[in-house]
Amino acid sequence: MNRRHSPKREKVFNVLKDAHCALSAAEIHKKIPEIDLTTIYRNLELFVTDGLIKKLDLDKDEAMYEYKEVNHHHAICTDCNKVIHFNVSDSVIMKSIKVPGFTPESIEVTVRGKCNH
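Below you can see the structure in the form of structure tokens.
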């Protein structure tokens, strides 16, 4: 992290890093209730700005945040809002994108459907 280190900031970051899935600020707060929600939101935005985590707006009631790791994509259940991660090689997707005069730089795939809950 490029910013001044603090124990609270480290706790918030580690919750996301250890989760291996996207979490909302409220879900992070449940895991570390000793840190107030405002502090959690502030730190999440700093991490997004610094490129350490990704903010996902998945058409849910609140944004989700996840540790930036190997590229993966998201399937979202339209019934229960469950977010499922899946991997497809970005090179496979890049080869299928044929837009004249356009060079893709990054890919984020979100598929909506119904899970077998």
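Take 17 as the starting number for the sequence shown in the working numbering and just add one per residue.
Every residue gets a Cβ at the ideal spot worked out from N, C-alpha and C, and that includes glycine.
Can the beta-carbon of residue i be found closer than 9 Å to that of residue j?
i	j	result
Glu-124	His-101	no
Tyr-81	Leu-60	yes
Where does residue i sit, in a helix, a strand or coil, going by DSSP?
i	result
Arg-128	strand
Phe-29	helix
Val-115	coil
Lys-24	helix
Val-108	helix
Taking all protein chains shown into account, decide if residue i is buried (16 or more other Cβ within 10 angstroms of its Cβ) or exposed.
i	result
Leu-14	Lying before the first or after the last residue shown, residue 14 is absent from the chain, which here runs from 17 to 133.
His-36	exposed
Asn-97	exposed
His-133	exposed
Asn-30	exposed
Val-104	exposed
Ala-41	buried
Flag residue i as yes when its Cβ comes closer than 8 Å to any non-hydrogen atom of the ligand GDP, and as no otherwise.
i	result
Pro-23	No copy of the ligand GDP occurs in the structure displayed, which carries no ligand at all.
What does a CB cutoff of less than 8 Å around residue i pick up in its chain, not counting 5 residues either side in sequence?
i	result
Arg-20	none
Leu-68	Met-17, Phe-29, Tyr-83 and Lys-84
In its own chain, which residues sit with a C-beta less than 6 Å from the C-beta of residue i, not counting the 5 before and 5 after it?
i	result
Ile-92	Leu-74, Val-99 and Arg-128
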